[in-house]
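FYI, the numbering for the sequence shown is 806 to 1141, going by the working numbering. Below is one structure; the comments refer to it alone.
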Amino acid sequence: MWKIGDLKIDGRVVLGPMSGVTSRSYRDFMKPFGVALSVTEMTSDVGVIHGLRRSMDYLRFGPNPPTALQLFGSDPSVLAQASEAALKANRNIDVIDINMGCPVAKVVRNGSGSALMKDPKKCGDIIRSIKRTVDVPVTAKIRLGYGSNINYEQVIDELEGAEVDAVTIHARTMEERYTGTPHYDLIRGLQERMSVPLIISGNIYSLDDAINDVGMTGASGIMVARGGVGNPFLITQIDRYYRTGEKLPNPTIDQQVDWCLELADGLIAEKGEELAMNILRGVAPKFISGCYRSRAYRNRLAIETTDLESLKKILFEIRDRMGSERIRTECLSKDN
C-alpha cells in the first residue's frame, strides 16, 4: 500500500494511458486483473474547457476507483481551468495527471507534452497552478529529457517544489519516442532521492522486466501500457509477485481467447460493434502473440475481423488448434 497525496493505492500496477486504447471499457476490463490505478487517454485542456465531444467522452466514466484523468496543454492557468471543469463534470476523477512526456509531433509543436521539459520552471508552475485550484492529487508524467539534454532531475526538483503528488518517468528521451531500450540505468535509485512516489514506464512486457526495473529504480509504481495490450494477465503476475512473491506461469491460449471475447463485449457495449471491431483488428492479434507459428492467425484477426461472429470464428479455430499452449514471454515485445 502506498499513497498519491491522501489517496491510498492498493497494488503496484498503474494502467498507462494509450491513445485509442485505454477507453472506459478497456479500463473496466483490465481492473480485475490487478490494476491499482488507471489513467485515461490523454485529453486536451482546451477541449475540456469548451466541452468538445471527443474530450468530454474521455470524462464519461463511473466510479471504478481510483482513476486519473490525464490532461495535456502548455498554459498553467488553462490547465488549472480545465482541471476544475473536469472535476465539475465528473467527480469520479480521483487524480489529475499532466502529460509532460508525449513525444508526438503535433503535441510537441504546441508546446505541450515533452516540449514542457525544455522549461523545468514552467513544469512546476503548471502543477502549482492546478494544486491551487482542485482538491484531488496532482501528478505528472515526464521523460528523461529532450535531445542530448537529460534534465529529468531538474524537472523533478521543480515538480516537487510545487508539491506534486507523484511523478511517472518514461525512461527514454523525447527523440527516442518508443524505440530502443529504455535507460533505467540512468534513473538507478531515483526513488530514494525523491520525496514523492515514483512510477516507472517503458517496455514492461514481462514480470522479469518489472522486477529488474523496480530493483534498479526502487519505484513505488509500475506503469503497464503496451505490454498489457493482449496480455492482461501480466498485470496479475506483477500484482501477485509484489503481494506474495509468487511467480505465476503465463496464461494459456484458452484463457486468452476468453479474455479477448470479454474485452470485445465491453467495447461493443461502449462503442457499438463497428467501431469496436476497428479497435479489435489492432488488439485481438496481440492476444495470441507468443504462440508457436501464430503469425497466420494474427494476420487473419487483423484482416478478417469485421463483426463479432467473424472474431469468434477465428478465435474458436485458434482455441481448437492450440488452446492448451501457453504464451511465450520472449516473443511478446517482438510481436507487440
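Quick reminder that beta carbons are idealized off the backbone N, C-alpha and C, glycines included.
Taking 7 angstroms as the cut-off, the Cβ atoms of Gln875 and Asn904 count as close. In the structure shown, Leu1120 adopts helical secondary structure according to DSSP, grouped into three states. As DSSP reads the structure, Val844 sits in a beta bridge with Ala873. Between the stretch 897-913 and the stretch 840-850 there are three or more C-beta pairs closer than 8 angstroms, enough to call the two in contact.
As DSSP reads the structure, Asp815 sits in no beta bridge. Here Leu1003 really is in contact with Thr1022; their C-beta atoms are around 7 angstroms apart, less than 8 angstroms. Phe1121 and Gly1050 have their C-alpha atoms spaced approximately 34 angstroms apart.
For Glu981, the closest C-alpha among the options Ser917, Val1001 and Pro908 is that of Pro908. Residue state for Lys946 is assigned as strand, using DSSP reduced to three classes. Taking the C-beta atoms as reference points, Leu884 is found nearer than 7 angstroms to Ile935. Taking the Cα of Gly856 as reference, the smallest distance to any Cα among Met835, Ala873, Ser888 and Arg832 is reached at Ser888. Exposed is the label assigned to Tyr1097, since fewer than 16 other Cβ atoms lie within 10 Å of its Cβ. Using a Cβ distance threshold of 7 angstroms, Ile1119 and Val818 do not count as a contacting pair. Cβ contact annotation for Gly1128 (same chain, cutoff 8 angstroms, sequence separation greater than five): Thr1057, Ile1058, Asp1059 and Val1062, in chain order. In this structure, Ala1024 sits away from Ile1009, with a CB-CB distance that is not shorter than 7 angstroms. Take Asp1044, set aside five residues on each side of it, and the residues of its chain with a beta-carbon closer than 6 angstroms to its own are Gly816, Val818 and Gly839, in chain order.
Residue pairing by DSSP puts Val1029 in a beta bridge opposite Leu820. For the pair Met847 and Ala1030, the CB atoms are not nearer than the 7 angstroms cut-off.
Restricting attention to beta strand (DSSP E) runs no shorter than 3 residues, the stretch 964-1000 encloses them at 971-975, ordered along the chain. Relative to Lys836, the option among Arg1100, Ile992, Gly825 and Gly821 whose CA is nearest is Gly821. Under the Cβ criterion (8 angstroms, minimum of three pairs), the stretch 915-932 counts as touching the stretch 960-974. In terms of Cα proximity to Pro881, the closest of Gly852, Leu892, Ser917 and Leu864 is Ser917. Taking Lys923 as reference, the option from Val943, Thr944 and Ser879 with the minimal CA-CA separation is Ser879.
Inter-residue distance for Ile1093 and Glu1078 is about 22 angstroms (C-alpha atoms, whole angstroms). Residues of the same chain with a CB within less than 6 angstroms of the CB of Leu1106, apart from the 5 flanking positions on each side, are Ala1089, Pro1090 and Ile1119 in chain order. DSSP, reduced to helix, strand and coil, places Tyr1102 within a helical segment of the structure shown.
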